[in-house]
Amino acid sequence: MQEQTHVHEFVASTKLAEEGDDRHNHRFAGVTGEVIPKGGSHVHVLFTNTDFLDHHHEVGIETGPAIPVGNGKHVHFVKGRTTRDDEHVHKLEFATLIQKPLV
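Numbering (full-length UniProt numbering), first residue to last: 1 to 103.
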């Protein structure tokens, strides 16, 4: 059996999209997948849905590499966009939470 690796929680909001009365954003949260070794560091993949405001979007993206924040902990920067739904997309930009927050 393969040993499991760490994951990261995330909670974020999309950037605003559309104009006028239709201008809005969405919130989303979840947990990344396990470690994917990459270029001397590692990344994670995340997949979730946004909240629902007459429609929702999917978020499926690979994080950037680990960013050390001290005490052996790290976060990952995430930048991208949602799926196109209701004739628009939302840009997103956020950092994951640290791995193993209580350890």
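Beta carbons: idealized from backbone N, C-alpha and C, even for Gly. Remember, predicted model here, so these are calculated numbers, not experimental data.
- According to the DSSP secondary-structure assignment, Phe-77 is paired through a beta bridge with Ala-95.
- Straight through space, the alpha carbons of Ala-95 and Ile-67 are spaced by roughly 10 Å.
- Here Phe-28 is buried. Its C-beta has 16 or more other C-beta atoms within 10 Å.
- A distance below 7 Å between beta-carbons, with the five flanking residues on each side excluded, links Val-69 to the following residues of its chain, in chain order: Val-75 and Ile-98.
- Residue pairing by DSSP puts Arg-27 in a beta bridge opposite Ser-13.
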